Amino acid sequence: PMLKVDKLLGQSPFVVPDASRAASAARFAAQARRGEWRYLLSFIGAVRFHTPGYSMGVRQAIYSRYNSTDGFMLRDLRGDANAGARAQLGPSEYLAVLQQSKFCLAPSGMGFSTRVYESVAQGCVPLIIQDDPVSNTSVDPAFADLLPYERFSLRLRQADIPELPSILRAFPLPRWRELHAALACVWPRLLWLQSDNEPPGIQPTGAEVALANATSALGDEAGLLERHDAWHSLLATLSRRAMVRRGEVPPPFQWRAPARSCVESLSGGAS
Numbered sequence: 014p015m016l017k018v019d020k021l022l023g024q025s026p027f028v029v030p031d032a033s034r035a036a037s038a039a040r041f042a043a044q045a046r047r048g049e050w051r052y053l054l055s056f057i058g059a060v061r062f063h064t065p066g067y068s069m070g071v072r073q074a075i076y077s078r079y080n081s082t083d084g085f086m087l088r089d090l091r092g093d094a095n096a097g098a099r100a101q102l103g104p105s106e107y108l109a110v111l112q113q114s115k116f117c118l119a120p121s122g123m124g125f126s127t128r129v130y131e132s133v134a135q136g137c138v139p140l141i142i143q144d145d146p147v148s149n150t151s152v153d154p155a156f157a158d159l160l161p162y163e164r165f166s167l168r169l170r171q172a173d174i175p176e177l178p179s180i181l182r183a184f185p186l187p188r189w190r191e192l193h194a195a196l197a198c199v200w201p202r203l204l205w206l207q208s209d210n211e212p213p214g215i216q217p218t219g220a221e222v223a224l225a226n227a228t229s230a231l232g233d234e235a236g237l238l239e240r241h242d243a244w245h246s247l248l249a250t251l252s253r254r255a256m257v258r259r260g261e262v263p264p265p266f267q268w269r270a271p272a273r274s275c276v277e278s279l280s281g282g283a284s
């Protein structure tokens, strides 16, 4: 992912280890109930106009049409710019934009999109547009065999891009609340909640491992949620595919992780 899991969880509204974070999470929940957001849609990343095939043209099409549209926060980052319209955002700034967005665009890059995971971890409903109209193909999301993406994300096609602002503005608030509530239950299933999540080639010291430990932000939930993370989603996917190959019918998968955020979401009326 663009940001290691420890950074994603460090600001996630679903992980609340202290009083200050609890207040922030309460404000976030209140925003969700009211449906009030600073941005209707956000996307911050490289658009790459010079590489037309990148993201199957989704980033380029949306940025070209809507970079000045009210309610859309679209930023084309290029290189290492630290000033102006294409200035890089620090991790905290980037994650804050996701939390302030009703939908977060999750286009593909050269394949699947890590932006789905980033959006989910920050409580933003992913808007997935990852199809190629020329070949009539699309990118399969992670753990599609297990996770009901239709219950926590909105998937559109490139053919919908010309009407995108009206589609998002007209999206029913009760339906959006259902998608948003489900994020509180599915986020552990998409994240690697282990300490060994450093990029290849980096050999951190023991102290650095402790600081970067994805589970450190989970507090007393760490031991439980480690058993319901992306590693276990991968194992469950392989197990189920093996059952199908043997002609067996896999049992239903409990996609809701037993996170405290999920219990609170369900008690608040999620189905």
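Throughout, this note's numbering is defined as the position within the sequence shown, counted from one, plus 13. All residues carry an ideal CB built from backbone N, CA and C; glycine is no exception. Owing to the predicted nature of the structure, the values given are computational and were not obtained by experimental measurement.
Query                                                                                                                       : Result
Euclidean distance between Cα positions of Gly58 and Gly260                                                                 : 44 Å
Chain-order list of residues whose beta-carbon lies under 7 Å from that of Val28 (same chain, five-residue window excluded) : Leu22, Ala230, Leu231
Within 7 Å, strictly: CB atoms of Leu192 and Val138                                                                         : yes
Cβ pair Phe116, Leu140 closer than 7 Å                                                                                      : yes
Sheet register partners of Ile142 (DSSP bridge)                                                                             : Pro120
Within 7 Å, strictly: CB atoms of Asp146 and Ser68                                                                          : Strictly speaking, residue 146 in this sequence is Pro, with Asp absent from that position. No.
Separation of Glu239 from Glu277, as counted between CA atoms                                                               : 19 Å
Same chain only: Cβ atoms within 8 Å of Gly122, ignoring 5 sequence neighbours per side                                     : Tyr67, Ser68
Whole-angstrom distance between Ala74 and Pro65, CA atom to CA atom                                                         : 10 Å
Simplified DSSP state of Leu102, which is helix, strand or coil                                                             : coil
Classification of Asp242 by the beta-carbon crowding that lies within 10 angstroms, buried from 16 upward                   : buried
Test item: CB-CB of Leu159 and Ser246 under 7 Å                                                                             : yes
Length of the line joining the Cα atoms of Tyr107 and Pro175                                                                : 26 Å
Check whether Ala272 and Pro161 have beta carbons under 7 Å apart                                                           : no
Reference Arg51; option with closest CA among Ala249, Met86, Trp205                                                         : Met86
Secondary structure of Gly58, DSSP reduced to three states                                                                  : strand
Proximity test, Thr150 beta-carbon vs the ligand HEM heavy atom, cut-off 6 Å                                                : Absence of the ligand HEM from the depicted structure is noted, as is the absence of any ligand whatsoever, leaving it without description.
Residue from Val60, Tyr79, Asn80 with nearest C-alpha to Arg72                                                              : Val60
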